[in-house]
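For reference, the structure is listed below as structure tokens.
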Amino acid sequence: MAKRKACKVCHTMTTKSHCPACKSTNLSESFSGLVLIFDPEHSMIAQKLNITKDGEYALQVR
2 MAKRKACKVC HTMTTKSHCP ACKSTNLSES FSGLVLIFDP EHSMIAQKLN
52 ITKDGEYALQ VR
């Protein structure tokens, strides 16, 4: 199983060498918290975190 990484720019989770959302290569294996967003338009959590696309996000990235 591939290591999961979080993008330091947009907090999107990935197993690739670059972020699929913002194309950044600034990734970290050190993150805490995880949130899954299915419907960002109606999610209060997505609105608080400024998330506009559905997906898997880290709450904090080091």
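Residues 2 to 63 (the working numbering) are what the sequence shown spells out, left to right. Glycine included, every Cβ here is placed at the ideal spot set by N, Cα and C.
- Linking P41 to C11 through their CA atoms gives a straight-line distance of about 15 Å.
- Q61 is positioned such that its CB atom lies closer than 7 Å to that of S33.
- For A7, the secondary structure class from DSSP, reduced to helix, strand or coil, is strand.
- Just so you know, the alpha carbons of P21 and T13 end up roughly 8 Å apart.
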